[in-house]
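A quick write-up on the structure given underneath.
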Amino acid sequence: LAKTTQPISMDSYEGQEVNITCSHNNIATNDYITWYQQFPSQGPRFIIQGYKTKVTNEVASLFIPADRKSSTLSLPRVSLSDTAVYYCLVGDYIRVDTGRRALTFGSGTRLQVQP
Amino acid sequence: DAEITQSPRHKITETGRQVTLACHQTWNHNNMFWYRQDLGHGLRLIHYSYGVQDTNKGEVSDGYSVSRSNTEDLPLTLESAASSQTSVYFCASSDLAGDTGELFFGEGSRLTVL
């Protein structure tokens, strides 16, 4: 499994853009990069997934450089409700024909948004 | 709407007792997972299943077992509960055929072993 490294915590203020970077130096060719968000007392929730370059949805953007050894989750104009733990995952568990490897979560990045 | 539900949401038990946590999903997903979450450890994978009669050990499987007799359910059993198994347990499911690989999580089951 590709190991991921993220900052333990980050602080921001409402209205700012937040970028959380994840390192995954031994990412495999078939691996996708996925980010989840978790609020206290809730299960994690899928935010975004990508393979290369840039992916954008209504919640966030995901930037992946050409070497794919890192990725950056970008949250535009955060609000207090974005205070949560964010997990970066790397894996390819859905591709049964390439070998089954279930996704594992690291400790995540705790984002605190201040007023 | 389809959903994934866990029960019980809270349970207190004693050391040595057998405990079963239920997980039921109505999406007809092939993949189901059990994680535990402790302070400072994020989520750690206990067991997972890619279909009926398929079960696999995760990174922290000792003391736990699962069975998959149908698509909808993956119960997690603690054969002899230990205080070290006090934790919050999350069940998740995903669709093998899906492109996004999105995991759908339940609300969690908080287990306290005294």
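Chains as they are written, first to last, in the working numbering: chain A, -10 to 104; chain B, 20 to 133. All C-beta atoms, glycine included, are put in the ideal place defined by N, C-alpha and C. Predicted, not measured: the structure shown is a model, and the values here were computed from it.
Each residue's CA atom was taken as its position, placing residue 47 of chain B and residue 128 of chain B some 21 Å apart. For residue 75 of chain A, the closest Cβ of chain B is not nearer than 8 Å. Along the region 18 to 33 of chain A, the positions whose C-beta sits under 9 Å from a C-beta of chain B are 21, 23, 25, 27, 30, 31, 32, 33, read in chain order.
DSSP links residue 130 of chain B through a beta bridge to B:30, B:106.
Ranked by Cα distance from residue 26 of chain A, the options A:19, A:36, A:-4, A:20 are led by A:36. Each of A:44, A:95, A:46 was checked against the Cα of residue 11 of chain A, and the nearest Cα belongs to A:95. Interface with chain B (8 Å Cβ-Cβ cutoff): residue 4 of chain A is excluded. Note on geometry: alpha-carbon atoms of residue 59 of chain A and residue 34 of chain B lie some 43 Å from one another. The C-beta of residue 22 of chain B comes no closer than 8 Å to any C-beta of chain A.
Taking 8 Å as the cut-off, the Cβ atoms of residue 106 of chain B and residue 94 of chain B do not count as close. Between the C-alpha atoms of residue 34 of chain A and residue 100 of chain B there is a straight-line separation of about 29 Å. If you ignore the 5 residues before and after residue 37 of chain B, its C-beta comes within less than 8 Å of the C-beta of 96, 97, 98, 99, 100, all in its own chain and listed in chain order. Taking the C-beta atoms as reference points, residue 97 of chain A is found no nearer than 8 Å to residue 31 of chain A. Straight through space, the alpha carbons of residue 39 of chain A and residue 46 of chain A are spaced by roughly 11 Å.
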